[in-house]
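Numbering (our numbering), first residue to last: 8 to 232.
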Amino acid sequence: MRARYSALRRAALEALAAGAVPLVILPIETPPPVEQGLTNAEAARAVRFHLTTDRLAFSLGRMLARYLVFGDDRRPDMAIGPQGKPYLPDEIGFNLSHSGGYLALILGSTVGVDIEIGPRDGRFHDLLPLVTHPAERAMLEPAPPEAQRALFLRCWTRKEAALKAWGIGLSDELTALDTQLAASAPILDGMPPLRLRDLSLMAEEGLVGAVATPVTAGPIVRVAL
Numbered sequence: 008m009r010a011r012y013s014a015l016r017r018a019a020l021e022a023l024a025a026g027a028v029p030l031v032i033l034p035i036e037t038p039p040p041v042e043q044g045l046t047n048a049e050a051a052r053a054v055r056f057h058l059t060t061d062r063l064a065f066s067l068g069r070m071l072a073r074y075l076v077f078g079d080d081r082r083p084d085m086a087i088g089p090q091g092k093p094y095l096p097d098e099i100g101f102n103l104s105h106s107g108g109y110l111a112l113i114l115g116s117t118v119g120v121d122i123e124i125g126p127r128d129g130r131f132h133d134l135l136p137l138v139t140h141p142a143e144r145a146m147l148e149p150a151p152p153e154a155q156r157a158l159f160l161r162c163w164t165r166k167e168a169a170l171k172a173w174g175i176g177l178s179d180e181l182t183a184l185d186t187q188l189a190a191s192a193p194i195l196d197g198m199p200p201l202r203l204r205d206l207s208l209m210a211e212e213g214l215v216g217a218v219a220t221p222v223t224a225g226p227i228v229r230v231a232l
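If you want it as structure tokens, here you go:
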């Protein structure tokens, strides 16, 4: 496992050096990097998670982010932005998401990622007035049922990725943000402007997602163990 993690780190750093945005997808039960661990504050936070999946995802995500940047040499504390978003030292950004037993991690400045298994039973219609922009709802409501589900997941993952990249969280007015569902890689106005890109990750598990990056960022490069 050590050699595999070393190769993963090399691939991620090479992607960053080339101006790309590395994305890692792992099962949340993957053993973490052997020399990494949680800081005391992170360990105290981890035990407060009620669900095992949340605890495993938090722990693996923090250790993996730190390892990819610093290797085995350092275990620095995370810096916390004004809205509570964590950063590695020197303002090295990362973002995490987990769903369906998988963890997604992305490295880069002002980045956000969201992955979702999402509702399988169609019970998302009550959320539409609370979540969607009028332009999004106009595209969703006339679509056939299976297309509605796919569009809702695209809308939700794009919206969450963008808000996470900006560091402003889901407490903001979701209906004010139009993720331009008909566009393949839309640009959202904001500070900074963001480009949204959809992820088709694991069709057999129904796992989908989205990544938000600055407009100037390079391609998304998936690196794997």
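From the three backbone atoms N, C-alpha and C, an ideal C-beta is built for every residue, glycine too. Bear in mind that the values here come from a model prediction, so they are computed numbers and not experimental data.
Using the DSSP secondary-structure output, state which residues sit across from residue i in a beta bridge.
{"i": "Glu180", "result": "In DSSP, Glu180 forms no bridge with anything."}
{"i": "Glu123", "result": "Val215"}
{"i": "Gly100", "result": "Tyr94"}
{"i": "Ala111", "result": "Ile32 and Ser104"}
{"i": "Leu232", "result": "DSSP lists no partner for Leu232."}
{"i": "Arg204", "result": "Val218"}
{"i": "Ile87", "result": "Pro93"}
{"i": "Leu195", "result": "Leu201"}
Counting only the same chain and skipping the five closest in sequence on each side, list residues whose C-beta sits under 8 Å from that of residue i.
{"i": "Ala72", "result": "Leu95, Phe101, Leu103, Leu112 and Leu114"}
{"i": "Cys162", "result": "Val138, Thr139, Glu143, Leu147, Thr186 and Leu188"}
{"i": "Pro34", "result": "Gly108, Tyr109 and Leu110"}
{"i": "Pro200", "result": "Ile194, Pro221 and Val222"}
{"i": "Leu67", "result": "Leu33, Ile35, Thr37, Pro39 and Leu110"}
{"i": "Ala64", "result": "Ile35, Leu103, His105 and Leu110"}
What span of residues does the alpha helix (DSSP H) with residue i cover, start to end?
{"i": "Ala224", "result": "Run containing Ala224: none; DSSP gives neither H nor E here."}
{"i": "Thr186", "result": "Element bounds for Thr186: n/a, residue is neither H nor E."}
{"i": "Met146", "result": "Pro141 to Leu147"}
{"i": "Val138", "result": "Leu135 to Val138"}
{"i": "Ala150", "result": "It is not in any alpha helix (DSSP H) - Ala150 carries neither H nor E in the DSSP assignment."}
Does the beta-carbon of residue i have 16 or more other beta-carbons within 10 angstroms, so that it is buried, or is it exposed?
{"i": "Val222", "result": "exposed"}
{"i": "Pro39", "result": "buried"}
{"i": "Leu160", "result": "buried"}
{"i": "Arg11", "result": "exposed"}
{"i": "Glu21", "result": "exposed"}
{"i": "Val54", "result": "exposed"}
{"i": "Ser191", "result": "exposed"}
{"i": "Leu58", "result": "exposed"}
{"i": "Ala217", "result": "buried"}
{"i": "Ala86", "result": "exposed"}
{"i": "Glu180", "result": "exposed"}
Say yes only if the C-beta of residue i is nearer than 7 Å to one or more non-hydrogen atoms of the ligand FAD, and no if none qualify.
{"i": "Arg16", "result": "Questions concerning the ligand FAD fall outside what the structure shown contains, since it holds no ligand whatsoever."}
Here's a check: name, in chain order, each residue in its chain whose Cβ is nearer than 6 Å to the Cβ of residue i, leaving out the five neighbours to either side.
{"i": "Ser106", "result": "Ile122, Glu123 and Ile124"}
{"i": "Arg52", "result": "none"}
{"i": "Ala18", "result": "Val230"}
{"i": "Ala27", "result": "Gly225, Pro226 and Val228"}
{"i": "Ala172", "result": "Thr117, Val118, Gly119, Leu201 and Ala219"}
{"i": "Thr182", "result": "His140"}
{"i": "Tyr74", "result": "Pro40 and Gln43"}
{"i": "Asp196", "result": "none"}
Once you ignore the five residues that flank residue i on each side, which residues in its own chain have a CB closer than 7 Å to its CB?
{"i": "Leu158", "result": "Met146, Leu147, Ala150 and Leu188"}
Q | 3 or more residues per run - each beta strand (DSSP E) lying fully within the region 18 to 67 | A | 28 to 34
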